[in-house]
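K.L.:
Got a structure for you, written out below as structure tokens; questions coming shortly.
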Amino acid sequence: MSYVVKTFGTTFKYALKNSLRYLSAGWFIGLNILGPIFFLLTSWTIYEIVSRSAGLEWEFAGFSNYVAFATIGFAFLGPILSASWSGAEGIRSEQQDGTLELIFITPSNKIAWLIGKMMAAQIFSLTSLAITLITGSVFFGLDLFSKLNVPMAILGTALTIVGMSSFSFALAGLTFIIKRTDDLNQFLWPTMTFLCGLAFPVEVLPLGAQVISWVFPLTHGINITRRAILLGSGLFDPIIAMATLTILVQILIFIPIGLYLFRKFYNLSRKTGALFTY
Amino acid sequence: MGRRDKNNKSIALMLQGFDKVVSVLTNAIETINLTKVFEKKAKISSRGFSRFFRRVKPKKERIMAVDHINVGIKEGELFGVLGPNGAGKTTAIRLLCTLLVPDEGTANVNGFDITKEAEKVRASVGVVTGGERGLYWRLTGRENLLFFAGLYNVPDGVARKRAQELIELVELQDRADDPVEKYSRGMKQRLHIVRGLIHDPPILLLDEPTLGLDPASARVIREFIKEKLQKEQGKTILLTTHYMEEADQLCDRMAIIDYGKIIALGTSKELKERISEVEILNINASNVKEDVKIRLKSLNGVKDATLRILDSTTGEAGIIIHTDNAESVMPSVIQELVKAGVEIRVVEEKKPTLEDVFISLTGRKLRD
Amino acid sequence: MFFSYRISVLVTILWPIPILALNIYQYLGLGPPETLAGVIGKEYGIVSLSGMVIIGTIIYLLYNRLLWGTGASMQSERWMGTIDVLFLTPASRMSILLGNGVSSLIEGSWWICGVFILSWFLFGIGITIVSLPALIITLISTMLALISLGVFFASFFILTRAAEQVAISLQAPIRYFAGVAFPVSALPQFLQFISYILPITYGIQALRKTVLTGATLPNLLGELSLLYLFAGVLLFLGYCMLRIMENKAKKDGSLYQY
């Protein structure tokens, strides 16, 4: 067990160092800060257009401030990108750099290694999440903290990230064979951004799209976190309780599937030699 | 078959099996019918639009990358695998370090089966791949070593101490804390080698360790491998190369591989003797008279001597001596020539090279 | 290139659709469609909400394609280690960049058309094209201006690898200020000046007018002349910057670092 923990710790430490040296301030600001903030600004502008021109007041399921609603959603943009990219991107970049085979020659636990890499990526995304929330609060005067239910918000965020990580495992496994999972990622993150209730309630979507959105742990995780931050709700809120149960069930299903696919594709790549081609 | 014959056959089989067990137990690396086949799509022969409109199922082509290899490498041996590009050297290394699974056969590395005990094999080997890839460019040399030490479960204190020792061993101490992207090619190669040593494995698999290096750097690496790693530290080393001089210089024994098959196995001397029993001494001298030939032919160990006069005024000539052992006959030849008043300019021993061996076995050059 | 990766082909057309849909549904989430259409039509002269977003997105995709195809082509040459070999040839750097730009335009045009057609099918556009020449000239003028922008940025890609990071960082702000998801006139006055220094803004405005309101060439003179002005200025500046940056990169050796 200690070897597994050591593998995780070593990978986390050096992946973070590597990223900090690779990602200059400009890159970090661009990807993790400007992205969510400008999505937020777009939401604010659209709301201003509609409310100014049509005098419409917005209200949905207890939420009365649309920009606050969208702020919580877009704060998760960084974690979405990290959770869905970091596994597959981690494999792909190691393949390209020729370090993947050297990692796989070691007797270390590969899942622990992958989790270490993913968690290192999450440091940036969680920073992005915090900065987006602070920006919303400071520059848009949003009341994000007066009703905040801290434990529930932390739980919601953690469950979302863990749930989305299961996708990461499956995509990481696919990378061994397909090589171009950056194309899949390229499609996955906008799809989740659209479907999972970041910018508008999922109930606005056609029924078919709503059903698809329920498949993503992100949809339920954002729901929990939003209600915890803006309404101060806790586990006794039936909506939160239902969402928490759903996401837990999804984690119990997706993570084993993700791990199975990772192992399967890894073993297949050892048979076909796909481990070395990029 | 009579009873005696049956008994003899059983005894022979038992001895064979016994031999096998002994070799598995005493060899650091033992391959048993090790085979790897890759499949790739064959080229579609149709052209133009018909390719898009016809439902053409591409055939698969089977490429035998490693073909039933049986080799035993003793502990402490420096064993070479010599062959051209695409012969299967790297695939063999990848099989032995468990990055690939064999399609047939197996191997034992440090007593562990590569298919059933892969994790134990990984803990026993250090693999050096070389080249520009395989290092984290933005980490320093030291950080690269410490990272891999962590993955090999080397305790932190031990890892730091060992990293420092290894850095000093390859004379990288002045640059150990610089990012690897600033290293020269030779420095990266040295770092690759010590990265393979960070967990102090008993067995090293070196895949073309001097590829792309300038002659001076290559020589440093070769000396390091031979003197430090094999002689001082007693590591078992499997080295792949397509530089025959490197194999000649370093390896105790070697296998020549082509199209995945081992086509020759033995020491460098044994392999060269396969193609020639005669050794040649080439001597360039002046003041050579005709009777020198007779005098040389009468010497012990000289099979034949020929004279080629290059300049009759100066008496410059080329003398070619045929012998079984040029090394042992050389002193007496030189002594005789000096007695005859010949002024020796150049004495050169021409021996068959491994390239000659390869050509004789395959009909083509090592670098084709 | 795309035909060697089948997934790439499909994903290339599909990936902009969710982001485009996101913007459309942000409006729809705020009020009934009829109210919104009336609001936006009356206040900003836009007759089709989805058409407004789709056209903005198409021009933004074109901008991205030309930025990466022209300017960032130098970055990929650096990555592949071919930049020094390229610079050893006597070929004009401008012709290399313009060649890259035009080829990436041709390469990208099929999927931009694919995105346009798919979006039209999914969301409707409310097309009112009165003058086909106006449409063609608007598109060509926009492409010229964006190619020139790519050429201008190329010099920075030659000088430093950080230029790639800057370009990625600027994607979200440019998307916002160019008015991809809303009319630029909806922005606060003090922010609008940023929009009006971006050539992409005029491309979006001109194409929206042509496709959604049936504008003809005389109605587009303002936008078109600005697009040509940008094209000329950026090409000239790009040429000058290219020479300066190349010399600087050769002096400090950053040409070969990747």
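Chains as they are written, first to last, in the numbering used here: chain L, 75 to 352; chain Y, 3 to 370; chain C, 713 to 970. Just so it is clear, CB atoms sit at the ideal spot from N, CA and C, and this is done for glycine as well. Remember, it's a predicted structure, so these values are computed and weren't measured experimentally.
Using a Cβ distance threshold of 8 Å, determine whether the segment 289-304 of chain L contacts the segment 137-152 of chain L, with at least three qualifying pairs required.
P.N.:
yes
K.L.:
So which residues of chain Y does Thr173 of chain L contact, with C-beta pairs closer than 8 Å?
P.N.:
Indexing the first sequence from 1 puts residue 173 of chain L at position 99. In chain order: Arg135, Gly136, Leu137 and Tyr138.
K.L.:
Expressed to the nearest angstrom, what Euclidean distance is found between the alpha-carbon atoms of Lys962 of chain C and Glu170 of chain Y?
P.N.:
Taking the first residue of the third sequence as position 1, residue 962 of chain C is located at position 250. Taking the first residue of the second sequence as position 1, residue 170 of chain Y is located at position 168. C-alpha separation (whole angstroms): 35 Å.
K.L.:
State the start and end residues of the unbroken alpha helix (DSSP H) segment that holds Ile208 of chain L.
P.N.:
As a first step, residue 208 of chain L is located in the first sequence; it is residue number 134 there, counting from the start. It spans Lys184 to Phe213 - the alpha helix (DSSP H) in which Ile208 of chain L sits, taken as one unbroken run.
K.L.:
Does the count of Cβ pairs from the segment 314-326 of chain L and the segment 217-234 of chain L closer than 8 Å reach three?
P.N.:
yes
K.L.:
Using a C-beta to C-beta distance shorter than 8 Å, which residues of chain L count as neighbours of Leu80 of chain Y?
P.N.:
As a first step, residue 80 of chain Y is located in the second sequence; it is residue number 78 there, counting from the start. Result: empty, since nearest Cβ-Cβ is about 21 Å, beyond 8 Å.
K.L.:
Please compile the residues from chain L whose C-beta is within a distance smaller than 8 Å of the C-beta of Thr747 of chain C.
P.N.:
Taking the first residue of the third sequence as 1, we reach residue 747 of chain C at position 35. Correct list: Ala128 and Leu130.
K.L.:
So, does the CB of Ile719 of chain C fall closer than 9 Å to a CB anywhere in chain L?
P.N.:
In the third sequence, the residue the question calls residue 719 of chain C occupies position 7. Yes, because at least one Cβ of chain L sits closer than 9 Å to the Cβ of Ile719 of chain C.
K.L.:
Shortest alpha-carbon distance to Pro104 of chain Y belongs to which of Y:Thr93, Y:Gly152, Y:Asp176 and Y:Ser330?
P.N.:
Your numbering for residue 104 of chain Y matches position 102 in the second sequence. From the listed residues Y:Thr93, Y:Gly152, Y:Asp176 and Y:Ser330, the smallest Cα separation to Pro104 of chain Y is found for Y:Thr93.
K.L.:
Counting only Cβ pairs nearer than 8 Å, list the residues of chain C close to Val278 of chain L.
P.N.:
Counted from its first residue, the first sequence places residue 278 of chain L at position 204. Near Val278 of chain L (Cβ distances below 8 Å), the residues of chain C are Tyr737, Leu740 and Gly741.
K.L.:
Less than 9 Å separating the beta-carbons of Leu84 of chain Y and Thr269 of chain Y?
P.N.:
What you label residue 84 of chain Y is simply residue 82 of the second sequence in a count that begins at 1. What you label residue 269 of chain Y is simply residue 267 of the second sequence in a count that begins at 1. Going by C-beta atoms, Leu84 of chain Y is not nearer than 9 Å to Thr269 of chain Y.
K.L.:
Starting from Gly813 of chain C, trace the alpha helix (DSSP H) both ways and give me its first and last residue.
P.N.:
Counted from its first residue, the third sequence places residue 813 of chain C at position 101. That run of the alpha helix (DSSP H) goes Arg805 to Phe835.
K.L.:
Using a cut-off of 9 Å between C-beta atoms, extract the partners of Phe865 of chain C located in chain L.
P.N.:
Residue mapping note: residue 865 of chain C aligns to position 153 of the third sequence, counting from 1. Those do not exist, as Phe865 of chain C stays about 15 Å from chain L at its closest Cβ, beyond 9 Å.
K.L.:
Leaving out the 5 sequence neighbours to the left and right, which residues in its chain are closer than 7 Å to Thr206 of chain L when beta-carbon positions are compared?
P.N.:
As a working note, residue 206 of chain L is residue 132 in the first sequence. Here the set comprises Pro110, Ile111, Leu114, Thr145, Phe148 and Ala149.
K.L.:
Compare the C-alpha of Ala120 of chain Y against each of L:Asn341, L:Ile120 and L:Leu349 and name the closest.
P.N.:
Taking the first residue of the second sequence as 1, we reach residue 120 of chain Y at position 118. Checking every option, the nearest Cα to that of Ala120 of chain Y belongs to L:Asn341.
K.L.:
Per DSSP, which one or two residues make a beta bridge with Glu345 of chain Y?
P.N.:
As a working note, residue 345 of chain Y is residue 343 in the second sequence. Y:Ser288.
K.L.:
Assuming Leu349 of chain L and Phe243 of chain L form a contact by the criterion Cβ under 8 Å, report the distance between their Cβ atoms to the nearest whole angstrom.
P.N.:
Reading the first sequence from its first residue, position 275 is the one you call residue 349 of chain L. Reading the first sequence from its first residue, position 169 is the one you call residue 243 of chain L. Incorrect: roughly 17 Å between the Cβ atoms, too far for contact.
K.L.:
Counting only C-beta atoms, is Arg197 of chain Y closer than 9 Å to chain L at any point?
P.N.:
Stepping through the second sequence from its first residue, residue 197 of chain Y is reached at position 195. Under the Cβ distance rule, Arg197 of chain Y counts among the residues neighbouring chain L, one pair being separated by less than 9 Å.
K.L.:
Rounded to whole angstroms, what's the CA-CA distance from Ile107 of chain L to Leu148 of chain Y? Just pull it up for me.
P.N.:
The count along the first sequence starts at 1 and reaches residue 107 of chain L at position 33. The count along the second sequence starts at 1 and reaches residue 148 of chain Y at position 146. If I take the Cα positions, the gap works out to 32 Å.
K.L.:
Would you list, in sequence order, the uninterrupted beta strand (DSSP E) runs of no fewer than 3 residues that lie entirely inside the segment 48-130 of chain Y?
P.N.:
Unbroken beta strand (DSSP E) runs of no fewer than 3 residues, entirely contained in the segment 48-130 of chain Y, are found at 62-76, 80-84, 106-111 and 127-130, following chain order.
K.L.:
Out of L:Phe336, L:Cys270 and L:Gln324, point me to the one whose CA is closest to Tyr701 of chain C's CA.
P.N.:
Outside the displayed span of chain C (713 to 970) sits residue 701 of chain C, for which this structure offers no information.
K.L.:
Grab me the residues of Arg187 of chain Y's own chain with a C-beta within less than 7 Å of its C-beta, minus the 5 sequence neighbours each way, in chain order.
P.N.:
Numbered from its first residue, the second sequence carries residue 187 of chain Y at position 185. Excluding positions up to five away in sequence, the list reads Gly214 and Leu215.
K.L.:
For the alpha helix (DSSP H) that Asp202 of chain Y lies in, which residues bound it at each end?
P.N.:
Translated into the one-based positions of the second sequence, residue 202 of chain Y becomes position 200. No alpha helix (DSSP H) contains Asp202 of chain Y, which DSSP labels as neither H nor E.
K.L.:
Would you report the Cα separation of Gly295 of chain L and Thr265 of chain L, rounded to the nearest angstrom?
P.N.:
Position 221 of the first sequence, counted from the start, is the residue given in the question as residue 295 of chain L. Position 191 of the first sequence, counted from the start, is the residue given in the question as residue 265 of chain L. The straight-line gap separating the alpha-carbon atoms of Gly295 of chain L and Thr265 of chain L is approximately 16 Å.
K.L.:
Name, please, each residue of chain L whose Cβ falls closer than 8 Å to the Cβ of Phe894 of chain C.
P.N.:
Here residue 894 of chain C corresponds to residue number 182 of the third sequence, with the count starting at 1. Among the residues of chain L, those whose CB is under 8 Å from the CB of Phe894 of chain C are Thr116, Thr119, Ile120 and Ile123, following chain order.
K.L.:
For Leu847 of chain C, tell me which candidate among C:Ile916, C:Leu742 and C:Leu740 has the shortest Cα-Cα distance.
P.N.:
On the third sequence, position 135 is the one that residue 847 of chain C refers to. Checking every option, the nearest Cα to that of Leu847 of chain C belongs to C:Ile916.
K.L.:
In whole angstroms, what separates the C-alpha of Leu941 of chain C from that of Phe241 of chain L?
P.N.:
By one-based count along the third sequence, residue 941 of chain C stands at place 229. By one-based count along the first sequence, residue 241 of chain L stands at place 167. Taking the straight line from one Cα to the other gives about 48 Å.
K.L.:
Going by DSSP in three states, Thr794 of chain C sits in which element: helix, strand or coil?
P.N.:
Here residue 794 of chain C is taken as the residue at index 82 of the third sequence, counted from 1. Looking at Thr794 of chain C - three-state DSSP - the assignment turns out to be coil, as it is neither helix nor strand.
K.L.:
When DSSP builds the beta bridges, which residues end up paired with Asn29 of chain Y?
P.N.:
Indexing the second sequence from 1 puts residue 29 of chain Y at position 27. Per DSSP, Y:Lys76.
K.L.:
Which of the three DSSP states, helix, strand or coil, is assigned to Leu137 of chain Y?
P.N.:
Position 135 of the second sequence, counted from the start, is the residue given in the question as residue 137 of chain Y. Judged by DSSP in its simplified three-state form, Leu137 of chain Y adopts coil rather than helix or strand.
K.L.:
Cβ closer than 7 Å: which chain Y residues qualify as neighbours of Ile179 of chain L?
P.N.:
Within the first sequence, the letter at position 105 stands for residue 179 of chain L. Against Ile179 of chain L, the close residues of chain Y are Cys99, Leu101, Arg124 and Val129, in the order they occur along the chain (beta-carbon pairs closer than 7 Å).
K.L.:
Assuming Phe833 of chain C and Ile770 of chain C form a contact by the criterion Cβ under 8 Å, report the distance between their Cβ atoms to the nearest whole angstrom.
P.N.:
Position 121 of the third sequence, counted from the start, is the residue given in the question as residue 833 of chain C. Position 58 of the third sequence, counted from the start, is the residue given in the question as residue 770 of chain C. Rounded, the Cβ-Cβ distance is 14 Å, inconsistent with contact.
K.L.:
Since Leu924 of chain C contacts Ile818 of chain C with CB under 8 Å, what's their CB separation in whole angstroms?
P.N.:
Counting from 1 along the third sequence, the entry for residue 924 of chain C is found at position 212. Counting from 1 along the third sequence, the entry for residue 818 of chain C is found at position 106. About 27 Å separates the two Cβ atoms, so there is no contact after all.
K.L.:
Which chain C residues are close to Gln260 of chain L, counting only those with a beta carbon under 7 Å from its beta carbon?
P.N.:
Looking up residue 260 of chain L in the first sequence gives position 186. Under the 7 Å cutoff, chain C gives Val723 and Trp727.
K.L.:
On the three-pair Cβ rule with 8 Å, is the segment 131-141 of chain Y touching the segment 175-195 of chain Y?
P.N.:
They touch, by the three-pair rule.
K.L.:
If Glu345 of chain Y and Ala287 of chain Y are in contact, beta carbons under 8 Å, what's the gap, nearest whole angstrom?
P.N.:
As a first step, residue 345 of chain Y is located in the second sequence; it is residue number 343 there, counting from the start. As a first step, residue 287 of chain Y is located in the second sequence; it is residue number 285 there, counting from the start. Correct: roughly 6 Å between the Cβ atoms.
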